[in-house]
Structure formats: C-alpha cells, structure tokens
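Chains A and B, in that order, give the protein sequences.
full-length UniProt numbering numbers the first residue of the first sequence as 1 and each following residue consecutively.
full-length UniProt numbering numbers the first residue of the second sequence as 1 and each following residue consecutively.
From the three backbone atoms N, C-alpha and C, an ideal C-beta is built for every residue, glycine too.
Take a look at the structure set out below.
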Amino acid sequence: MAGVSASAAGMISQLDAARKLALADPQVYNQVLPGILPIIGPTAHVDVRRWGADFLAEAFASPSLSNSQKEQLSPEVTPTLRAMLEGPGEDPEVVKSVVQAAASLYPFVFRRIISHPNEAALWQDMTSIKLNILQRMDSFPVAIRICCIKFAQKVVQVETPGLIADPRRPEQNETSIALVPRNHPLLQLPNLEAEASGLLDRLLSVFQESSIDPILVDATINCLAVLIRSRPAISTKIVSAVLNFNPFKQANSPMTPRLKVIVRSMERTTRALLRWVLRSVPNPPLDQKIQAYLMRLQQSRAAILSDTTAQKRPAEPTDGLDDAKRQRLSGPRKFPAMPPPPNSIAQLFTLTEDPAVQQFDVSLLPGDLVSTVTAVFLQHLDSGVLDEAVNAIRARYSHLQKVSRPTPVPDVPMAGPTGIDDDDDYDPEFLTSGEPIVQATTEKALEELAQPAIELGPFELPKPPPLTGSEVAVLSDQTVGHVFQLVGSLEAAGQTHAKQKLGLNRLAASTNDRDSWVTILMRLATRAPARLDDVATALTGDADPNQPVKSEDSEERNVANRIRQTLFMYILDDFRPRLNIAISWLTEEWYADKLMAKTHPELDHLPNYSRWVHRLIDRLLPYLDARDKNLLIRFLSEIPSINRDILDRVKTLAKDPERISMCILSMQYLLMMRPPVRDTVLDAIESIWHDGDAQAKNATAKVLAKWRPGFLEQAGQPKREADVKEETTINGLKSPSASRADTGDPRKRKAKVAVVAGDG
Amino acid sequence: MSTDPRLARLQARANTPQSAPAKSQPLPQPQPQSPLQSQPQPEPEPQTQTQPASPSPAPVETGHSKLTPPSLDGNVDVEAPVTVPADAVAETSEVPFKLRFCTVCASNNNRSMEAHLRLSTSDRHYPVISFGTGSFVRLPGPSISQPQVYNFNTTSYSKMYEELNAQDARLYRNNGILNMLDRNRNIKWGPERFHDWVVGASRMDALQRGDKGAEGSEGGIVDVIFTCEERCWDAVVDNLLDRGAPLNRPVHVFNIDIKDNHEEALIGGGAILELADLLNDAAAEERKQNGTRGWENGGGAARESFDERVPDILATWQERWPSLPALWTLSWF
C-alpha cells in the first residue's frame with residue numbers, strides 16, 4: 001500500500017505540473033488531456049482518479065479553453081467519464097467530479113452530435129452517462145446529488161428550445177434543441193422535449209417535498225436563474241413553482257440553531273432569486289405575484305425570525321422589515337424625501353424607496369387577506385418604528401402645508417455619493433441591469449437639487465443715513481460709557497490682586513484689568529487725535545494758559561474730550577483711591593502735549609495738560625480735608641509739571657486754618673524734592689505770608705526763614721529772630737547775614753545754600 | 001510601524017496568531033523576479049488535516065521545514081519531469097486536503113484582506129483569493145466626504161500606499177490606512193472586483209508573484225466564499241445568478257457580518273478562519289473515509305457528506321460567535 005501511495009503521490013505531482021502548464025497556456029490541454037486519460041482510468045489509485053476527475057471537471061469548466069476545443073475533446077473524454085461513473089463502488093469524490101464534468105460536457109457533446117450525426121458511439125456514451133446519473137440521482141450522497149441537480153438543469157437547458165440569436169451563424173447560438181434539425185437520426189426532438197419536461201418537474205419537485213433538505217433547495221434555486229432567463233417557454237412554470245415554495249415550512253418546530261440557519265438560508269436564497277427575476281426578466285403579470293410573495297416572505301420572516309434576530313443583534317431591530325439594505329445601526333431612521341410637489345396622497349405616505357414595493361398595488365389583494373396581514377403585522381411591529389414613521393408623515397404634511405411656492409428644498413440631502421460606507425453603490429436592485437431605475441432616482445434627486453429655489457442677486461445693505469452731530473455725540477458718549485462700565489466692573493479685581501511690579505518692562509494695557517483699560521482710554525484721549533483738531537484748538541481757542549478754565553460747553557466736543565470729561569468725572573467720583581489714575585492721566589496729557597510741542601514749537605504751553613490739571617485741582621481742593629495731606633503731597637509731587645497757576649490754587653488752602661498746615665507741608669515737600677520749582681513755590685509761600693492771617697504768617701515764616709533767609713528781614717517781621725534761631729537750631733545754618741545779602745539772585749542763593757549745606 | 005500605540009497594538013495582534021508566516025513574509029518578495037521558483041512554501045505537516053484548528057504553530061517548525069524539506073519531497077523531486085517545479089506538491093495518500101476559499105468585502109482592503117491573510121497564513125496555508133463588490137475602492141480620506149477613490153484591478157496596494165504616504169503620511173498613518181495597505185501589499189498585488197472575476201480563469205500570475213494564498217487557487221475556482229457584509233453576500237449571490245452558472249461547480253457562499261473597522265476585521269478574520277477550519281476538517285474527514293473505506297465497499301450513502309454538514313457546522317459556529325450573524329447558501333459558478 002505504501003508503495004502504491006508513493007507512486008500515486010509521484011504521479012500526482014507530475015500531473016499537477018502538467019496541470020499548471022495547461023493553466024498557464026490553454027493550448028496545452030489539447031496535449032495533456034489525451035495523455036492523462038489512460039492514467040486516470042478506473043484502475044488507477046483513488047487519489048489519481050480523484051485528481052483526474054477533478055481535472056476533467058476543471059478543464060471543461062475553464063473559460064480559457066474555447067468551446068470548439070472542448071467540443072473537439074469531448075469524444076475522447078466521454079468514454080473515460082462513463083467508465084469512471086460506471087465503475088462499481090466508485091469513490092464519491094470521483095463521482096462528484098465526474099458529474100460536474102458531465103454537466104459541462106453535455107452541451108458540447110450535444111452540439112457535436114448535431115453536426116456529426118454519425119458519431120453514434122459518442123452519443124451512446126453520453127446517453128449512458130445521463131441515464132446513470134439520473135437513475136442514481138436520488139440514492140447518491142447529498143454532495144453528489146447537488147451536482148446531479150446541476151446536471152439535470154443543464155440537460156433541461158439543452159433540451160428546451162433556446163433563442164436563435166442569429167440563424168446565419170449557428171456557431172454563435174447557444175446550444176439547445178432549437179439547433180437540431182427535424183430529421184436528425186440520433187436526436188429525436190419529441191423524446192428530448194419530453195425528457196426535458198420530465199426532468200424539470202423532477203427538479204422542481206424539491207419545493208414540494210415534505211422533508212426539505214436545505215442544500216438541495218439552495219442548489220436548485222441557484223441554478224434556475226439561467227433557465228428563467230434563457231428559456232422563456234418554461235420560465236413561468238419555474239417561477240410559479242418557486243412561488244409555491246414556503247421556506248418557513250419547517251419553522252413551526254422548535255427553532256434549533258441548525259433550523260435557524262436552514263430557514264434563513266432558504267428564505268434568503270429564494271428572495272435573492274425572485275429579486276433577480278424581478279430585475280432581469282421583467283414580466284408584469286408575474287411580477288405582481290412575486291412582489292406579493294416577497295411581502296408575505298417578509299412578514300413570515302418578521303414573525304418567525306424577529307425574536308431570534310433581535311437576540312442576535314438587538315441594535316438592528318428592523319432587520320426583518322427592510323430586506324434591501326442593512327440598516328444603519330446608529331441614529332434615527334431616515335426616510336427619503338418626498339418627490340417635488342405636487343404630491344399625491346400615496347406619495348405622502350410612501351416612506352420606502354424600494355421601487356418594487358412602491359409599485360405594489362395593495363388593492364390587488366383580497367380584503368380579508370389584507371386585514372389579516374395588517375393585524376399580524378401590527379402585532380409584531382416595533383412601536384418605536386411605527387411612531388417614527390407616523391412622525392415622518394406628520395412632518396411631511398406640515399411641511400406641505402407650509403410650502404406655498406413650488407420651490408422644494410430637499411429635506412434630506414443626498415447621501416454623500418462619496419461616503420466611505422460605500423452604501424451608495426450598493427443596491428442589489430441596481431447592480432447589473434437596473435439602469436432605468438437608477439436614472440429615475442438620480443434624476444429625481446438632481447431635479448430637487450437643481451431647482452432654482454430663489455433668484456439671489458448680489459445684495460447690498462443700503463447706506464445708513466449720515467449721523468447728525470447730536471447722534472454722534474450720543475453714540476460716542478455711549479461708547480465711552482461702555483468702556484467705563486467695563487473699567488468699573490474690573491475695578492475690584494484690579495485692586496484685590498497684588499500686582500506684580502514689572503517696572504520698565506511692563507507693557508501698557510497688556511492685561512485685562514482696570515489699569516489696562518484706563519490706560520487705553522487715556523491714550524485714546526491724549527494721543528489718538530493729537531495733531532488734528534487739538535492743534536487748531538490750541539492755536540486759536542485756548543491760547544492763553546493763564547486764562548481761567550473755559551466752561552465745558554465752549555470746549556469742542558470731540559471724542560477725546562468726551563473721554564477726558566468722563567475720565568475726569570470718574571476720578572472725582574472717588575478721588576482718593578483713583579488719584580493714581582489722575583496722575584497717570586495727567587502724565588499722559590503732559591507727554592502728548594510735549595510731543596505736540598516738538599512739531600509745533602509755537603505752542604510754548606501745554607494746552608490739554610494745563611486745562612485738565614487746573615480743572616482737577618479746582619474740583620479736588622474743596623474736598624480735601626486735613627487728613628488728606630499725604631494725598632496732596634503725592635499729587636503735587638508726582639504730576640509732571642507744576643506752575644504758578646497750580647500753586648495759586650493750592651495756596652487757597654492756606655485760607656482755611658484747618659488745612660494750612662497741609663498746604664505748607666506739601667509746599668515744603670516740593671521745596672525739598674522738586675528743586676526746579678523751588679522758586680515758584682517760595683514765591684507762593686511769600687504770597688501766603690503776605691496775604692495770610694497771623695496763623696498763616698506764623699506757619700510760612702518758618703519755611704521762608706529756612707529757604708529764603710533774607711525775606712523776613714526785608715519784610716521786617718517781628719518774629720524774625722525767633723525764626724532765625726529756630727532755623728539755626730534745626731538746620732545748623734549760621735549765616736543769616738550772608739543769605740540776606742543774596743536775596744536778589746535766586747541762583748546764587750541756591751548755590752549758597754548748597755555750599756553751606758555741603759560745608760555743614 | 002506607526003507610532004500610534006493603538007496601531008502598534010493592532011499590528012501586533014494582526015501578526016501574533018501566525019508568527020511563522022510573519023517570518024516568512026519577506027520571502028514572496030523576490031519571487032516575481034524568479035517565476036520558476038514560484039512555490040517555495042512547504043506543505044504543512046500531513047497530520048494537520050485531522051488536528052483541530054490551532055492558530056499558533058511553532059515558528060521554528062515552518063522555518064525548519066523550509067530548510068530541510070520532509071523526506072516525502074525527495075522522491076517527488078526526482079520524478080518531476082517538467083520544468084515547473086513540483087516540490088510544492090508533497091502529496092501522498094495522506095495528502096492534506098484543503099478547501100479553497102474566497103473572501104469578499106466592499107473594497108477588498110480591510111475585512112476581506114484580513115481574512116485573506118489569516119486563511120493564507122494559518123498553519124494550513126489555505127488557498128485564498130479575495131475580492132471587493134464595490135464599484136470603486138474607497139478609502140477614508142481627509143474627511144468623510146472626501147474619500148480616496150481608486151479603480152479595482154488596475155491599482156496596486158503599493159501605488160495606493162505611495163500616493164497616500166506622499167499626500168499626508170501623518171493622517172493616513174494615524175487612521176491606520178497606511179498600515180493596512182502595507183499589510184495588503186505583502187499579501188497580493190492589488191484589489192480585485194468580484195464582478196470582474198472570470199471564474200475558472202487560471203491565476204498563474206498570482207502564483208508566480210507569490211501572492212499569499214495563490215498556491216492551490218491557481219485554477220481560479222474556490223469551494224467557499226466568505227463575504228463580510230450582507231450586502232456583499234447579496235451582491236455575490238445575485239452576481240452568480242446573473243452569470244448563469246456555466247461552470248457547474250458548486251460553491252458555498254457564507255456571510256459573516258463584520259463591521260468595517262480594523263478591530264472588528266481582526267476579530268472577524270479569526271472567526272472566519274475558525275469556520276474555515278471546521279469546514280475543512282469536515283471535508284477532509286469525508287475524503288479520508290471515502291478514500292480508505294469507500295475504495296472497497298462502495299460509496300456509502302449513509303455517510304453524511306461534507307456539504308450536508310454545512311448547516312450543522314455553521315450553527316455550531318454561530319453559537320460560538322453570536323455577535324457575527326452568519327448567512328449561507330449553496331450557489332454555482
């Protein structure tokens with residue numbers, strides 16, 4: 001046995017090599033086939049026979065080998081096939097392949113006999129094969145039986161009249177008895193037709209059998225398509241037989257997993273064939289029957305398999321309802337948009353896109369059937385699905401009510417033709433010959449899209465009417481007010497935060513706090529309009545800095561001044577904490593004025609700075625009380641410029657006995673810390689001394705005695721001695737006579753003081 | 001490999017079950033230059049035919065058998081008379097029978113190719129071919145509305161890889177496309193469309209290129225088709241009806257519903273391999289029984305054939321994989 005196996009293995013390897021040559025070049029079959037036929041005969045090893053039978057089946061199925069070649073090879077092969085088939089106890093695998101090969105071979109032999117009526121032996125062999133197969137068909141194992149079914153189908157196909165595509169070129173025509181001449185010696189037409197009819201009945205009997213074998217059913221259904229398409233004479237009979245088949249016949253017994261597989265398989269296979277028939281072989285009277293059958297199939301399936309499918313895949317509850325497409329698992333169900341108006345009531349209620357279902361006329365069914373079906377259907381219907389559908393109809397209806405013009409915009413945009421999901425090009429309805437339907441759908445969608453809804457030209461807003469001066473004023477006030485509201489809202493935050501001192505590195509207005517916004521406002525007021533109207537104002541209207549501050553009404557009401565005014569009021573609202581804002585603002589004003597003075601040297605004064613510092617002091621001073629001395633000192637020391645006018649205003653504090661000390665202290669501070677204004681300050685103190693009462697004289701005398709030593713002597717004040725004495729004790733100055741002599745020249749005085757101080 | 005850890009994990013998972021094939025992966029590369037050595041892959045050990053599916057062969061085993069072929073090959077080689085090397089055909093009476101498979105998804109890129117890889121590189125090295133049923137190969141692009149679209153049959157995986165790599169390597173690496181294409185181009189040349197498949201036409205070019213699973217499928221016919229989605233199953237069954245079954249060859253068409261993402265494709269590929277093993281075991285067992293006993297005492301009709309057992313096998317399998325709804329029919333080429 002081992003030796004046999006080894007030689008068989010060796011033989012098969014050779015045979016395989018030959019097979020590969022033939023696969024690579026179909027012409028090789030002509031040499032290979034005759035060569036191997038003796039090797040694979042009934043006496044060969046089982047593996048070799050299996051290989052050989054399979055090779056024959058493959059060769060005669062191969063599309064590479066031309067039909068004429070197959071026809072030529074058929075006389076050589078047929079006896080071998082017959083011998084293999086008739087060998088006693090032949091291996092089922094071999095038989096299976098032989099039956100397959102015979103099915104392929106039969107048309108070629110038949111064709112050859114038509115043109116070669118003298119080859120009776122060949123026909124004899126083929127007839128024996130046919131009889132052998134058909135006789136043993138029912139006793140074969142299932143694996144062979146399905147091949148016998150296919151063989152029978154092929155015989156039916158050949159022995160039923162086919163279409164003569166072109167009578168002038170018989171080689172182009174499909175092999176069938178339509179090609180057989182009436183007086184053919186071997187092929188008797190009536191016999192053949194009768195045989196075909198009987199075989200067809202036998203084929204279709206599988207649908208009526210009580211014990212259904214799914215694999216036989218599937219095998220039969222799947223081989224009927226070509227008969228339905230190419231043999232019109234029997235197509236109705238076949239379809240009717242299929243329509244009488246109930247895939248759910250076995251489903252009344254308990255559903256085992258195996259039964260589920262079987263029922264599902266037969267149901268889907270039946271449906272696949274019928275849908276294929278609907279599309280490929282249109283036949284209106286039959287089509288309606290088919291559609292009704294498909295409906296019934298769906299309902300039965302929903303009833304029988306719904307629970308099981310729900311268990312398997314709860315995310316896909318509509319599995320039993322929609323047979324065309326796999327439902328999307330996420331999101332609500334989408335219904336197709338209605339076609340453009342005017343719509344019929346049927347269109348309003350049509351939620352499916354399946355053209356087959358759309359064309360189905362329910363009125364064809366008897367009323368009692370409809371009511372039964374509806375009742376059953378409603379019982380098994382998912383209420384959520386029904387609600388969705390009802391809502392969809394409702395939405396459509398309200399949409400129809402709203403639409404007064406015939407310019408529908410598609411509610412549901414076309415599913416992206418480029419979706420990754422590839423759903424677009426999947427529709428079994430349209431895969432091959434559904435072109436008209438595809439066009440209809442596409443055209444409909446395109447129409448909807450292309451419908452010019454509204455003619456939209458370029459639209460321009462009309463230009464707003466020019467604002468009047470007062471409107472501008474109101475608007476600018478509002479704008480500035482908004483910003484100040486912002487500043488106000490940020491105030492708390494700005495104060496509570498212990499801010500990091502960045503010194504010179506800081507950037508103005510880089511953070512969203514009060515200081516930043518105030519800085520922005522200040523600079524908007526001071527710098528933005530610089531060199532525009534301010535110059536003109538400064539040159540003409542406000543030329544005299546010493547002039548009392550003009551009233552607000554006389555001032556030009558530009559945005560800058562609005563901001564200044566608002567800022568001014570803002571500071572005065574609560575001047576104690578906001579004094580630093582005042583100082584910053586005035587510094588900005590001063591800087592802007594200085595910059596302007598560079599380009600306009602004729603402006604020897606600081607128009608904005610002077611105006612607003614005067615105004616601020618005027619309004620500030622009445623509110624200062626004795627405790628605010630530090631405030632005043634700070635203000636006077638930090639504002640960028642001090643002149644006589646400012647001091648004149650400060651001086652008025654001296655008239656108030658409670659605040660004179662504050663006044664004097666602030667001036668003393670200036671004397672010490674701001675040497676450039678020392679003389680001006682001393683002059684102011686002098687004037688206080690002159691104008692003031694005894695308390696004022698007393699308070700100023702000390703200062704004057706220290707900073708302007710000769711003054712008191714000149715004025716001949718009785719308190720001179722005391723002053724000098726006190727001054728000496730305090731400052732250690734011991735040259736009152738020398739200083740007295742220098743009173744005329746302030747610079748010399750100053751120098752003297754410095755020298756003395758340095759000596760001391 | 002991608003820097004994305006998820007993809008790295010995927011890659012690792014894709015390769016781990018068949019570490020031996022992963023090792024031999026570079027081997028098919030030089031073959032296009034030497035078509036005469038087109039079948040270097042050794043036959044699996046003969047005893048595997050009766051073994052249950054064990055997806056983890058020892059990696060050394062395959063490499064070893066490659067270097068020192070089993071002695072069975074010796075007498076075969078001596079007797080080989082033709083130029084086409086026959087060393088691949090280590091057939092004896094114990095020859096491992098292998099069903100031929102076909103995997104089908106929409107674009108012949110993710111699910112069908114994962115299954116193609118698993119089937120062709122399992123320890124049984126099944127003959128596998130694969131197809132897509134879409135009208136075009138569609139891959140995710142920069143956005144949902146801008147997919148990358150390629151033609152079937154004329155675009156190679158390598159070309160897609162190069163193009164997408166040049167376009168936006170980061171994007172396509174992160175969404176796993178480059179990784180997938182890189183895997184695919186090591187399996188076969190390019191995506192093929194089911195509808196354009198000439199059943200029965202020889203696929204010697206694939207064999208000579210060294211495509212994975214080409215060995216044994218050179219006849220252009222398969223015994224089993226696995227689709228990965230119901231609409232693909234519908235398309236395949238419908239297309240077979242349309243072809244009119246001219247070849248008279250039966251084919252089992254299964255659908256295993258697999259979601260179209262990398263993770264599910266991996267899981268589904270494993271499930272398909274398991275079903276394939278079950279089917280193959282049944283078929284091989286049938287052949288063996290027929291071969292030994294049937295030789296003398298005739299084909300016992302009482303014995304259940306492989307085809308008959310398919311519903312049972314599928315039901316058993318479905319119990320184990322309830323999350324992958326399956327469907328089956330027997331159709332014809």
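List, in chain order, every chain B residue whose beta-carbon is nearer than 9 Å to that of residue i.
i      : result
W276/A : V237, D238, L241 and D242
P254/A : Going along chain B, no residue has its Cβ under 9 Å from P254/A, so there is no contact; the nearest lies around 14 Å.
Name the chain A residues whose beta carbon is nearer than 8 Å to that of residue i?
i      : result
G269/B : In chain order: nothing, as chain A lies at least about 19 Å away.
N108/B : Result: empty, since nearest Cβ-Cβ is about 11 Å, beyond 8 Å.
T103/B : Those do not exist, as T103/B stays about 16 Å from chain A at its closest Cβ, beyond 8 Å.
Apart from the five residues just before and just after residue i, which ones in its own chain have a Cβ nearer than 8 Å to its Cβ?
i             : result
Y126/B        : K98, L99, R100, F101, L119, S120, G213, G216, A276 and N280
R740/A        : The pLDDT assigned to R740/A is 44, lower than 50, so where the model puts this residue is not dependable; a value taken from the coordinates is nonetheless given after this. Answer for R740/A: P709, G710, E713 and Q714, listed in chain order.
residue 804/A : Summary: the structure shown does not reach residue 804/A, with chain A confined to residues 1 through 760, and so no result is reported for it.
Is there a C-beta anywhere in chain A that falls below 8 Å from the one on residue i?
i             : result
F226/B        : no
D307/B        : yes
G213/B        : no
Q167/B        : no
W189/B        : no
N151/B        : no
K66/B         : Confidence at K66/B is low in this model, with a pLDDT of 39, below 50, so its placement is unreliable and no value can be given for it.
residue 409/B : The structure shown does not extend to residue 409/B, since chain B is modelled only from 1 to 333, so the question has no answer here.
R249/B        : yes
T329/B        : yes
G200/B        : yes
Grab me the residues of residue i's own chain with a C-beta within less than 7 Å of its C-beta, minus the 5 sequence neighbours each way, in chain order.
i      : result
D218/A : S265, M266 and T269
E71/A  : F108, R111 and R112
P250/B : L330 and W332
I177/B : L139, P140 and L164
K697/A : W689
Within the 8 Å Cβ cut-off, does residue i reach chain B?
i      : result
P190/A : no
C147/A : yes
G416/A : Confidence at G416/A is low in this model, with a pLDDT of 40, below 50, so its placement is unreliable and no value can be given for it.
V156/A : no
P38/A  : no
T269/A : yes
S104/A : yes
Following the continuous beta strand (DSSP E) through residue i, name the residue where it begins and the one where it ends.
i      : result
T227/B : V224 to T227
T103/B : F101 to C105
Which chain A residues are close to residue i, counting only those with a beta carbon under 7 Å from its beta carbon?
i      : result
G210/B : Near G210/B there are no residues of chain A at all, since even the closest Cβ is about 15 Å away, more than 7 Å.
G219/B : L23 and E58
N280/B : The contacting residues do not exist; N280/B stays about 15 Å from chain A at best.
What residues of chain B sit near residue i, judged by a beta carbon separation below 8 Å?
i      : result
K402/A : Simply none; closest approach about 29 Å.
S197/A : Simply none; closest approach about 21 Å.
Which residues in chain A sit within 9 Å of residue i, going by Cβ to Cβ distance?
i      : result
W197/B : Ordered by position in chain A, no residue passes the 9 Å Cβ test against W197/B, which lies about 11 Å from the chain.
Enumerate in chain order the residues of its own chain whose CB-to-CB distance from residue i is below 6 Å, with the five nearest sequence positions on each side excluded.
i      : result
Q29/B  : Because Q29/B carries a pLDDT of 41, less than 50, the predicted location of this residue cannot be relied on, and no value is offered for it.
C223/A : K150 and Q153
S694/A : Correcting the residue type first, residue 694/A is Ala in the shown sequence and not Ser. Closer than 6 Å at Cβ, skipping near neighbours: no residue.
Which residues in chain D sit within 7 Å of residue i, going by Cβ to Cβ distance?
i      : result
W321/B : Of the protein chains in this structure, namely A and B, none is chain D.
For the alpha helix (DSSP H) containing residue i, list its first residue and its last residue.
i             : result
R185/B        : I177 to R185
H399/A        : S383 to K402
S317/B        : The residue asked about is misnamed: residue 317/B is Trp in this sequence, not Ser. That run of the alpha helix (DSSP H) goes F306 to R320.
Y623/A        : Looking at the DSSP string, Y623/A is not in any alpha helix (DSSP H), and its letter there is neither H nor E.
residue 774/A : The structure shown does not extend to residue 774/A, since chain A spans only 1 to 760, so no value can be given for it.
For residue i, return the contacting residues in chain B, with the cut-off set at a CB-CB distance below 7 Å.
i      : result
D574/A : Per Cβ cutoff of 7 Å: no residues; D574/A is ~57 Å from chain B at best.
S66/A  : In chain order: nothing, as chain B lies at least about 13 Å away.
Q) Where are the alpha helix (DSSP H) runs, 4 residues long or more, that stay fully inside the region 570–618 of chain A, in chain order? A) 579–599
Q | Residue ranges of each alpha helix (DSSP H) within the region 161–205 of chain A, 4 or longer | A | 189–204
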